[in-house]
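**Student:** At position 215 of the sequence shown the residue is numbered 215 (the working numbering), and the sequence of numbers has no breaks. Here it is, the structure, as structure tokens.
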Amino acid sequence: LLLTVDLLETDEEAVRQVRGKYSWFSVDEYQDTSPLQQRLLDLWLGERRDLCVVGDEDQTIYTFAGATPEYLTGFAQRFPEARVIPLLENFRSTPQVLALANRLIAATGRVKRLTATRPPGPEPSMRAFADDAAELAGIVARVRELMGDGVPANQIAVLVRLNAQIAAIEAAFTRAGLPYQVRGQRFFERRDVRSAVEALKRVPPGLVGEEMLEAVGSVWRERLGFEVEAGAEVVGAEARERQAALSTLLSVVRSVAEADGSADREGVERELTARAAAEREGSADGVELLTLHRAKGLEWDAVFLPSLEEGLLPVAQAKDDEALLDEERRLLYVGLTRARVHLALSWAQERRSAGGKSQRRSVSRFVSDLMPAARKVSAAGSGRAPTPRTRQERPRTGSSDDPVMAALRAWRLERARADAVPPFVIAHDSTLAAIVQRSPRSLAELARVPGIGPAKLDKYGPGILETLERGRLTDAT
1 LLLTVDLLET
11 DEEAVRQVRG
21 KYSWFSVDEY
31 QDTSPLQQRL
41 LDLWLGERRD
51 LCVVGDEDQT
61 IYTFAGATPE
71 YLTGFAQRFP
81 EARVIPLLEN
91 FRSTPQVLAL
101 ANRLIAATGR
111 VKRLTATRPP
121 GPEPSMRAFA
131 DDAAELAGIV
141 ARVRELMGDG
151 VPANQIAVLV
161 RLNAQIAAIE
171 AAFTRAGLPY
181 QVRGQRFFER
191 RDVRSAVEAL
201 KRVPPGLVGE
211 EMLEAVGSVW
221 RERLGFEVEA
231 GAEVVGAEAR
241 ERQAALSTLL
251 SVVRSVAEAD
261 GSADREGVER
271 ELTARAAAER
281 EGSADGVELL
291 TLHRAKGLEW
301 DAVFLPSLEE
311 GLLPVAQAKD
321 DEALLDEERR
331 LLYVGLTRAR
341 VHLALSWAQE
351 RRSAGGKSQR
361 RSVSRFVSDL
371 MPAARKVSAA
381 GSGRAPTPRT
391 RQERPRTGSS
401 DDPVMAALRA
411 WRLERARADA
421 VPPFVIAHDS
431 TLAAIVQRSP
441 RSLAELARVP
451 GIGPAKLDKY
461 GPGILETLER
471 GRLTDAT
């Protein structure tokens, strides 16, 4: 663009040819125009006024690249003769989806007057999960339901704030056998991730478990400047994205080591190679996994927006910066308005760090803006510390008439049919009763239940936690 602008500013013949060839100009997504792009447009136009622009100031999400909505909002002042046509009808989303999106913008004091033309649909869901594993299990379960109800997999999308968040979703979908495709840059194709995988060759062979993980962290610290500790001070958007990517990769390495206690460096490398291959192959008809920035201009029948937590959306660096917070809000607005019919928002109350420690998370401040006043604290929990009333739960006995026990049995039967095995192979009634009585909220707590070994934890744990969470929500309502 710089070279083009320079050419048109210095070469009269070049600018004459361009203006002679093109008479009319139309610019979409005008709210994300940068000064350089505007200068190029002005050079194309010259003294003419044959211009049409389309945009929405509430969808400005590229200010980090120099974009500003001022060219859009000031268009009528610059071109007083321009005809302004308000686009007040939304043809994409149901009234329920649109109402939620409008509520997010209304919290800033502005009122969106968009009205939906589609027929009514289901209410968007907002759910708190005990931890990140339970959240992924919930997404997997809901995707299965949607596909079972006839929603094509390629009409379902999971949108995240950072590219590095996609890897965990890929792993969950792979374990569940769900088809997926990554739109945009794939995680294992990132230069920093490829460098980190290559650096694994410097880890001494034969190390397993925590010794291997410590060696991996040490090598990455020495070779790549990566800090394992959560909350390490990182300056710059690119550096933060890199830190997040390497943290995700270390979490993947840790999950491999925990799933196979004998896995050494070579075992980890084989697993990472297999995951990278699966990511490349993908499925053209699979669920789409992508960042919110990549989702601009796209739409799906069903959209998932996970990890709505402080530090992720909004990102940590926006905490004390009003301009950045406004942009993060607009980014969420873009995500909400990608959905035609089904919309699911979620967050985790605990999330495991790259170092393996569980950390408490706070629900995103934007979630409160999305809830009607009467639902500021939902029965499922808001992600903040629960009130004494929501903290209390009825003691569970695991008896046959317990609804949670019944839900677990139904899940076991469905899973047994899918795996073509007898139900007792998955879990005996005594194990289900122990699960109901202890009511675990994370994989770590579930692992302490008698009858749940490492293999069953890995294979069935997410499904058990999801079923328990549904039982709690049913009780709460």
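Using N, Cα and C, we set each Cβ at its ideal position, and we do this for glycine too.
If Glu241 and Leu162 are in contact, beta carbons under 8 Å, what's the gap, nearest whole angstrom?
**Tutor:** By one-based count along the sequence shown, residue 241 stands at place 241. By one-based count along the sequence shown, residue 162 stands at place 162. Yes, they are in contact, since the Cβ atoms of Glu241 and Leu162 sit about 6 Å apart, within 8 Å.
**Student:** Could you check if Phe25 is buried or exposed, using at least 16 other CB atoms within 10 Å of its CB as the buried criterion?
**Tutor:** Here residue 25 refers to the residue found at position 25 of the sequence shown. Phe25 comes out exposed.
**Student:** Let's see if you can read the secondary structure: which residues bound the alpha helix (DSSP H) around Phe75?
**Tutor:** One-based indexing of the sequence shown puts residue 75 at position 75. 75 to 78 is the span of the alpha helix (DSSP H), which, as asked, contains Phe75.
**Student:** Let's test the definition: count the other Cβ atoms within 10 Å of the Cβ of Val84 and tell me whether it reaches 16, buried, or not, exposed.
**Tutor:** Along the sequence shown, one-based indexing puts residue 84 at 84. Per the 10 Å Cβ criterion, exposed.
**Student:** Given that a residue counts as buried once 16 or more other Cβ atoms are within 10 Å of its Cβ, and exposed if not, what is Glu469?
**Tutor:** Working through the sequence shown from its first residue, we reach residue 469 at position 469. By the neighbour-count rule (16 or more Cβ atoms within 10 Å), Glu469 is buried.
**Student:** Does DSSP put Arg361 in a helix, a strand or coil?
**Tutor:** Position 361 of the sequence shown holds residue 361. If DSSP states are grouped into helix, strand and coil, Arg361 belongs with coil.
**Student:** Spatial neighbours of Ser93 within its chain, please: CB distance less than 7 Å, with the 5 preceding and 5 following residues excluded, ordered by chain position.
**Tutor:** On the sequence shown, residue 93 is found 93 positions in, with the first residue counted as 1. The residues are Ala116, Arg118, Thr337, Ala339, Arg340.
**Student:** If you drop the 5 nearest sequence neighbours on each side, which residues of the same chain put their C-beta closer than 8 Å to that of Leu1?
**Tutor:** Locating residue 1 in the sequence shown gives position 1, counting from the first residue. Only Leu36, Gln37, Leu40 meet the Cβ criterion.
**Student:** Take every Cβ of the region 309 to 327, pair it with every Cβ of the region 202 to 213, and state whether three or more of those distances are shorter than 8 Å.
**Tutor:** Contact between the region 309 to 327 and the region 202 to 213 is absent, because fewer than three Cβ pairs lie under 8 Å.
**Student:** Output the boundary residues of the beta strand (DSSP E) element that contains Leu343.
**Tutor:** Numbered from its first residue, the sequence shown carries residue 343 at position 343. 339 to 348 is the extent of the beta strand (DSSP E) around Leu343.
**Student:** With a threshold of 16 other CB atoms inside 10 Å of the CB of His479, please say whether the residue is buried or exposed.
**Tutor:** One cannot answer for residue 479 here, as it falls past the ends of the chain, which runs 1 to 477.
**Student:** Check the C-beta distance from Thr431 over to Val449 and give it rounded, since I have them as a contact under 8 Å.
**Tutor:** Taking the sequence shown and counting its residues from 1, one reaches residue 431 at position 431. Taking the sequence shown and counting its residues from 1, one reaches residue 449 at position 449. Contact flag correct, Cβ pair sits at about 7 Å.
**Student:** Between the Cα of Glu279 and the Cα atoms of Leu178, Gly463, Asp58, Arg415, which residue gives the shortest distance?
**Tutor:** As a first step, residue 279 is located in the sequence shown; it is residue number 279 there, counting from the start. Answer by Cα proximity: Leu178.
**Student:** With respect to the alpha helix (DSSP H) encompassing Phe129, which residues constitute its N-terminal and C-terminal limits?
**Tutor:** Counted from its first residue, the sequence shown places residue 129 at position 129. Here Phe129 belongs to no alpha helix (DSSP H); instead the beta strand (DSSP E) covers 125 to 129.
**Student:** At the level of alpha carbons, what is the spacing between Leu72 and Val367?
**Tutor:** Here the question's residue 72 lines up with position 72 in the sequence shown. Here the question's residue 367 lines up with position 367 in the sequence shown. So the two alpha carbons sit approximately 28 Å from each other.
**Student:** Mark Leu308 as exposed unless 16 or more other C-beta atoms lie within 10 angstroms of its C-beta, in which case mark it buried.
**Tutor:** Counting from one through the sequence shown, the residue named residue 308 turns up at place 308. So Leu308 counts as buried.
**Student:** Would you report the Cα separation of Phe226 and Lys357, rounded to the nearest angstrom?
**Tutor:** Indexing the sequence shown from 1 puts residue 226 at position 226. Indexing the sequence shown from 1 puts residue 357 at position 357. Looking at the two C-alpha atoms, the distance is approximately 17 Å.
**Student:** Under 8 Å, do Phe129 and Ser346 count as touching if we go by C-beta distance?
**Tutor:** For this step, residue 129 is matched to residue 129 along the sequence shown. For this step, residue 346 is matched to residue 346 along the sequence shown. Contact: yes.
**Student:** Provide the residue(s) that pair with Tyr180 in DSSP beta bridges, ordered along the chain.
**Tutor:** Taking the first residue of the sequence shown as 1, we reach residue 180 at position 180. Note: Tyr180 sits in a beta bridge opposite Val287.
**Student:** Measuring CB atoms only, is the region 281 to 300 touching the region 322 to 335, in the sense that at least three cross pairs come out at less than 8 Å?
**Tutor:** As far as the Cβ criterion goes, the region 281 to 300 touches the region 322 to 335, which means the pair count is three or higher.
**Student:** Apart from the five residues just before and just after Ala107, which ones in its own chain have a Cβ nearer than 7 Å to its Cβ?
**Tutor:** One-based indexing of the sequence shown puts residue 107 at position 107. Counting only Cβ-Cβ distances below 7 Å, and skipping sequence neighbours, we find Asp369.
**Student:** Could you have a look at Gly138 and say whether DSSP puts it in helix, strand or coil?
**Tutor:** Residue mapping note: residue 138 aligns to position 138 of the sequence shown, counting from 1. Three-state DSSP puts Gly138 in a helix.
**Student:** Smallest Cα separation from Arg194: which of Leu146, Val158, Leu250?
**Tutor:** In the sequence shown, residue 194 corresponds to position 194, counting from 1. With distances taken between Cα atoms, Arg194 lies closest to Leu250.
**Student:** Check whether the Cβ atoms of Ala76 and Asp32 lie closer than 8 Å to each other.
**Tutor:** In the sequence shown, residue 76 corresponds to position 76, counting from 1. In the sequence shown, residue 32 corresponds to position 32, counting from 1. Contact: no.
**Student:** When we look at the beta-carbon of Asn102 and count the other beta-carbons within 10 Å, is it buried (16 or more) or exposed?
**Tutor:** As a first step, residue 102 is located in the sequence shown; it is residue number 102 there, counting from the start. That one is buried.
**Student:** Should Glu170 be labelled buried (16 or more other beta-carbon atoms within 10 Å of its own) or exposed?
**Tutor:** Within the sequence shown, numbered from 1, the residue matching residue 170 stands at position 170. Buried: at least 16 other Cβ atoms inside 10 Å.
**Student:** If you run the structure through DSSP and keep just helix, strand and coil, what is Ser195?
**Tutor:** By one-based count along the sequence shown, residue 195 stands at place 195. Of the three classes helix, strand and coil, the one that applies to Ser195 here is helix, per DSSP.
**Student:** Quick one: residues in its chain with C-beta nearer than 6 Å to the C-beta of Leu289, no 5 flanking neighbours on either side, listed in chain order?
**Tutor:** The residue labelled residue 289 in the question sits at position 289 within the sequence shown. Same-chain partners within the cutoff: Val158, Ile166, Ile169, Tyr180, Val182.
**Student:** Can you round the beta-carbon distance between Phe304 and Ala259 to whole angstroms, since I take them to be within the 8 Å contact cut?
**Tutor:** For the purposes of this step, residue 304 is identified with residue 304 of the sequence shown, where counting begins at 1. For the purposes of this step, residue 259 is identified with residue 259 of the sequence shown, where counting begins at 1. With 8 Å as the limit, Phe304 and Ala259 do not qualify as a contact, their Cβ atoms being about 25 Å apart.
**Student:** Between which two residues does the alpha helix (DSSP H) holding Ile105 run?
**Tutor:** Working through the sequence shown from its first residue, we reach residue 105 at position 105. Run containing Ile105: 95 to 106, per the alpha helix (DSSP H) assignment.
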